[in-house]
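*Asks:* Please read through the structure below; I'll follow up with questions.
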Amino acid sequence: MIKNTIAPVAKIIPTTLEKFSDVRTDNYFWLNNRENPEVIDYLNKENEYYQAMTADTKDFQKDLYEEMKSRIKEDDESVPYLYNGYYYITRFETGKGYPIYARKKGSLTAAEEILFDCNILAEGQAYFKLSGMSISPDNTLALFSTDCVGRRIYTIQVKNLVTNEILADKIEKVTGSAVWANDNYTLFYSSQDEVTLRSDKIFKHKLGSKQEDDVLVYFEKDDTYNVDIAKSKSRKYLTIESGSTMTTEYRILNADTPDGKFKMFQKRKRGVEYSVNHYKNSFYIMTNKDDAENFKLMKTPEDATTAENWVEIIGHREDVLLEDVEIFEKYLVLEERTGGLNKIRIMTWDGSQEYYLPFGSETYTAYTSTNVDFETEILRYSYQSLATPSSIIDFNMRTQEKEVQKEQQVLGGKFDKNNYTEERVWATAADGTKVPISMVYKNGMKKDGQNPLLLYAYGSYGHSMDAHFSSTRLSLLDRGFIYAIAHIRGGEDLGRQWYEDGKLLHKKNTFTDFIDCSKYVIEQQYTSPQHLYAEGGSAGGLLMGVICNDAPELYHGVIAQVPFVDVMTTMLDDSIPLTTGEYDEWGNPNVKKYYNYMRSYSPYDNIKEQAYPNMYVSTGLHDSQVQYWEPAKWVAKLRVAKQDDTVLYLDTNMDAGHGGASGRFEALKELAKEFSFLLDLEKIKA
1 MIKNTIAPVA KIIPTTLEKF SDVRTDNYFW LNNRENPEVI DYLNKENEYY
51 QAMTADTKDF QKDLYEEMKS RIKEDDESVP YLYNGYYYIT RFETGKGYPI
101 YARKKGSLTA AEEILFDCNI LAEGQAYFKL SGMSISPDNT LALFSTDCVG
151 RRIYTIQVKN LVTNEILADK IEKVTGSAVW ANDNYTLFYS SQDEVTLRSD
201 KIFKHKLGSK QEDDVLVYFE KDDTYNVDIA KSKSRKYLTI ESGSTMTTEY
251 RILNADTPDG KFKMFQKRKR GVEYSVNHYK NSFYIMTNKD DAENFKLMKT
301 PEDATTAENW VEIIGHREDV LLEDVEIFEK YLVLEERTGG LNKIRIMTWD
351 GSQEYYLPFG SETYTAYTST NVDFETEILR YSYQSLATPS SIIDFNMRTQ
401 EKEVQKEQQV LGGKFDKNNY TEERVWATAA DGTKVPISMV YKNGMKKDGQ
451 NPLLLYAYGS YGHSMDAHFS STRLSLLDRG FIYAIAHIRG GEDLGRQWYE
501 DGKLLHKKNT FTDFIDCSKY VIEQQYTSPQ HLYAEGGSAG GLLMGVICND
551 APELYHGVIA QVPFVDVMTT MLDDSIPLTT GEYDEWGNPN VKKYYNYMRS
601 YSPYDNIKEQ AYPNMYVSTG LHDSQVQYWE PAKWVAKLRV AKQDDTVLYL
651 DTNMDAGHGG ASGRFEALKE LAKEFSFLLD LEKIKA
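Residue numbers (full-length UniProt numbering): 1 to 686.
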């Protein structure tokens with residue numbers, strides 16, 4: 001680390017913000033303008049400072065990058081799946097960072113037809129993402145959408161798969177989500193508000209027409225809702241989903257009659273969520289209706305979809321969260337969660353069989369994969385654990401025989417999953433709640449408090465953070481790190497109530513759970529404050545901001561990726577993307593009780609004059625989910641307040657958005673930065 005490098009100091013231009021007689025002075029509000037050359041100059045100076053301070057780790061970063069890259073099978077491909085007469089495959093070629101989408105007609109031995117080579121499409125682009133690919137029912141046309149900025153604003157186009165020509169149709173500044181009607185001529189897509197980026201409209205487009213002539217099919221007026229368009233697995237229905245954090249509403253239209261009118265499935269009722277699956281003459285509805293907090297499964301005739309016609313198939317259970325369903329001709333497959341672990345339950349419609357797939361570990365993830373056909377007895381699912389590479393498995397639901405179609409290869413000849421220990425332990429939170437922690441480490445670890453430990457968490461939106469395998473993580477494990485996931489409240493790891501207990505006016509449970517998990521791994525001598533590191537991104541970056549304010553003494557270093565840290569200013573500005581749709585997650589700060597509660601933990605507003613851990617903060621200039629100015633302002637304010645000589649880095653990707661760099665290898669370079677930050681603090685140089 002180069003010494004005596006002077007950190008940039010952002011100029012102070014006070015802006016007074018007032019709400020409910022609470023006056024906040026924001027000295028760095030001016031950074032909220034990516035068109036201002038002074039803002040770009042400041043971000044560039046922070047980047048230059050980071051580069052200068054870490055110049056002596058550059059060779060190590062390159063070594064880490066090459067090491068992680070060497071474990072990846074470069075000429076890799078997905079397990080093919082059969083859809084409408086074609087096998088579809090996604091593959092990568094050696095030395096290329098983007099996927100190639102291909103298909104084969106009728107047989108895996110047939111000639112390959114390349115649909116899209118993203119390596120060619122990405123040429124000359126600092127960022128590239130292809131999304132929303134949808135094949136027409138007659139297999140001759142492909143919808144696709146591209147984003148060349150990283151702000152999740154897409155352009156939809158159509159490719160003729162017979163002639164390989166791109167049609168003149170171009171639908172710009174939309175979400176990228178689009179589906180075909182069954183006439184191979186009409187498509188439906190969602191678009192967003194140009195300022196807030198809220199997905200609020202569904203349009204109908206006829207091939208050969210101009211975007212300005214497209215027909216508005218649906219407009220969602222409630223600014224706390226987003227809309228999306230999809231097609232049922234049965235291919236019979238188009239569905240418009242309008243949803244907020246805690247309420248959903250569907251409209252349906254027979255895909256054979258695209259010029260018809262979408263019909264209401266069941267009107268929205270606040271607090272009632274439901275999703276629909278169509279099969280034969282019925283819809284299957286997964287819902288929390290009638291206080292079914294952990295969800296239940298119901299059924300209704302396709303010509304009588306309102307709630308009074310719904311009949312219960314799988315009832316609500318207090319200790320089992322119903323997460324998803326897969327419907328087959330003879331089988332019903334349920335994805336459940338109990339005790340913090342995934343379960344896959346298989347049952348025949350006639351009641352002759354019912355069983356769970358057996359999983360022996362306590363640190364695993366299992367979920368159904370691509371299952372596009374009803375008339376099959378094969379269930380495709382995925383399994384992995386913290387030490388076990390991901391597998392795609394075809395399971396015969398009748399004979400209960402399984403066939404591993406693919407196991408993720410870890411190249412280099414050094415990896416053996418038996419060299420690692422997986423463990424699940426339970427920390428006790430301040431209110432007595434037991435919080436699970438999944439961890440993995442190299443065999444022979446001693447509980448002497450000297451092990452470096454990286455504790456990761458997210459804890460928001462009911463998103464469960466399941467134990468998963470990562471070949472890149474081996475670069476830490478093989479150098480003595482323990483890697484751990486804290487399954488804190490705010491996710492749905494232990495059921496729906498686990499989520500409810502970590503949102504709105506219970507949000508602080510998310511933060512205190514993480515701190516209590518940190519104390520637990522210290523008390524049990526897995527590590528110590530001199531060797532404990534914390535990591536979180538986006539809403540998990542908010543978590544990092546809070547723990548740095550409230551318990552900085554527990555951590556030697558913190559990684560905050562695209563952190564949501566300026567909670568008050570963002571949530572009070574309904575022009576910022578995603579804000580209004582977040583009210584049911586965080587609370588509406590225009591209501592005083594929510595304002596006061598959020599004000600009490602907002603990381604930016606609660607920075608203190610105290611010692612802080614070493615910190616590496618990353619962001620993307622074009623991020624549409626957490627705007628770059630949140631971490632930029634946070635770092636600027638921390639530079640003035642922190643009372644220590646720890647390092648503080650702001651690393652802004654000037655070409656990317658929320659997801660970071662595009663291309664599978666460019667992302668490894670960002671990861672190498674994070675790993676070198678940790679390893680440098682541990683004085684591990686190779």
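We put the CB at the ideal spot given by N, CA and C, even for glycine. Because the structure is a prediction, the values reported are computed rather than measured.
For the pair the segment 361 to 369 and the segment 414 to 426, tell me if three or more CB-CB distances fall below 8 Å.
*Replies:* They touch, by the three-pair rule.
*Asks:* Where does the unbroken alpha helix (DSSP H) through N549 begin, and where does it stop?
*Replies:* Run containing N549: A539 to D550, per the alpha helix (DSSP H) assignment.
*Asks:* I'd like to know whether the C-beta atoms of G540 and Y458 end up nearer to each other than 8 Å.
*Replies:* In contact: G540 and Y458 (Cβ atoms closer than 8 Å).
*Asks:* If you draw a straight line from the alpha carbon of Y441 to that of Y218, how long is it in whole angstroms?
*Replies:* The alpha-carbon atoms of Y441 and Y218 are separated by roughly 52 Å.
*Asks:* Could you tell me whether the Cβ atoms of residue 713 and H487 are closer together than 8 Å?
*Replies:* Residue coverage of the chain in this structure runs from 1 to 686, which leaves residue 713 outside it and unanswerable.
*Asks:* From the DSSP output, in three-state form, read off V215 for me.
*Replies:* Three-state DSSP puts V215 in a strand.
*Asks:* Around the C-beta of F20, are 16 or more other C-beta atoms found within 10 angstroms, so that it is buried, or is it exposed?
*Replies:* Answer is exposed; the Cβ neighbour count stays below 16.
*Asks:* Taking all protein chains shown into account, decide if T287 is buried (16 or more other Cβ within 10 angstroms of its Cβ) or exposed.
*Replies:* By the neighbour-count rule (16 or more Cβ atoms within 10 Å), T287 is buried.
*Asks:* Please say whether L321 and S297 have beta carbons closer to each other than 8 Å?
*Replies:* Inspection of the sequence shows that residue 297 is occupied by Leu rather than by Ser. Contact flag unset, no.
*Asks:* Should M347 and Y331 be called a contact, given that it needs their Cβ atoms to be closer than 8 Å?
*Replies:* Yes, Cβ-Cβ distance for M347 and Y331 is below 8 Å.
*Asks:* Assuming V158 contacts D169 (C-beta within less than 8 Å), just tell me the rounded distance between them.
*Replies:* Yes, they are in contact, since the Cβ atoms of V158 and D169 sit about 5 Å apart, within 8 Å.
*Asks:* Taking the alpha helix (DSSP H) that D59 belongs to, which residues open and close that run?
*Replies:* Per DSSP, D59 belongs to the alpha helix (DSSP H) from K58 to S70.
*Asks:* Which residues mark the beginning and the end of the beta strand (DSSP E) in which I488 is found?
*Replies:* Neither: I488 is in no beta strand (DSSP E) and is coded neither H nor E.
*Asks:* Mind checking which residues open and close the alpha helix (DSSP H) that includes I40?
*Replies:* Where I40 is concerned, the enclosing alpha helix (DSSP H) stretches over P37 to M53.
*Asks:* By alpha-carbon positions, which one of F665, E241 and A636 ends up nearest to D651?
*Replies:* When only C-alpha atoms are compared, the closest one is A636.
*Asks:* Between R429 and the rest of its own chain, which residues show a CB-CB distance below 6 Å, the 5 nearest in sequence each way excluded?
*Replies:* It is Ala, not Arg, that sits at residue 429 in the sequence shown. Answer for A429: V435, D513 and D516, listed in chain order.
*Asks:* According to DSSP, T25 sits in a beta bridge with which residue or residues?
*Replies:* Per DSSP, T16.
*Asks:* Can you give the Cα-Cα distance for T305 and F283, rounded to whole angstroms?
*Replies:* Distance between the alpha carbons of T305 and F283: 8 Å.
*Asks:* Measuring CB to CB, does Y279 end up less than 8 Å from S234?
*Replies:* A contact, by the Cβ cut-off of 8 Å.
*Asks:* Assess contact between the segment 71 to 85 and the segment 468 to 486, defined as three or more Cβ pairs (one per stretch) separated by less than 8 Å. Is contact present?
*Replies:* Result yes; three or more Cβ-Cβ pairs closer than 8 Å.
*Asks:* Where DSSP assigns a beta bridge to E336, which residues make up the other side?
*Replies:* In DSSP, E336 forms a bridge with L322 and K343.
*Asks:* Buried or exposed: where does R198 fall if 16 or more other Cβ atoms within 10 Å of its Cβ makes it buried?
*Replies:* Classification of R198: buried, given that the 10 Å Cβ count is 16 or more.
*Asks:* For a quick check, are the C-beta atoms of Y189 and I166 less than 8 Å apart?
*Replies:* No. Outside cutoff.
*Asks:* Take every Cβ of the segment 83 to 100, pair it with every Cβ of the segment 476 to 493, and state whether three or more of those distances are shorter than 8 Å.
*Replies:* The segment 83 to 100 is not in contact with the segment 476 to 493.
*Asks:* Using C-beta distances below 7 Å, list every residue in its chain close to Y65, excluding the 5 sequence neighbours before and after it, in chain order.
*Replies:* These residues qualify, in order along the chain: L668, K669 and A672.
*Asks:* If Y604 sits next to F677, beta carbons under 8 Å apart, how far is it from one beta carbon to the other, in whole angstroms?
*Replies:* With 8 Å as the limit, Y604 and F677 do not qualify as a contact, their Cβ atoms being about 22 Å apart.
*Asks:* Return the residue from the list L543, P613 and K508 that minimises the CA-CA distance to G557.
*Replies:* It is P613 whose Cα lies nearest to the Cα of G557.
*Asks:* I'd like the span of the beta strand (DSSP E) that includes I100, first residue to last.
*Replies:* Note, I100: beta strand (DSSP E), I100 to K105.
*Asks:* Can you give me the C-alpha to C-alpha distance between L532 and V79, rounded to a whole angstrom?
*Replies:* The straight-line gap from Cα to Cα measures roughly 39 Å.
*Asks:* Per DSSP, what kind of secondary structure is R34 in: helix, strand or coil?
*Replies:* Coil.
*Asks:* Whole angstroms are fine: how far does the CA of T186 sit from the CA of L543?
*Replies:* Near 45 Å, if we compare the C-alpha coordinates of T186 and L543.
*Asks:* Under three-state DSSP, which class holds residue 702?
*Replies:* This structure cannot speak to residue 702, because the chain is shown only from 1 to 686.
*Asks:* Could you check the C-alpha separation between K683 and F511 for me, to the nearest Å?
*Replies:* Going by the C-alpha atoms only, they are around 29 Å apart.
*Asks:* Hey, could you find the ends of the beta strand (DSSP E) W426 is sitting in?
*Replies:* Counting along the chain, the beta strand (DSSP E) containing W426 begins and ends at Y420 to T428.
*Asks:* Assign D213 to one of two classes, buried (16 or more other C-beta atoms within 10 Å of its C-beta) or exposed (fewer than that).
*Replies:* Burial call: exposed.
*Asks:* Rounded to whole angstroms, what is the Cα-Cα separation between Y420 and T388?
*Replies:* The alpha-carbon atoms of Y420 and T388 are separated by roughly 9 Å.
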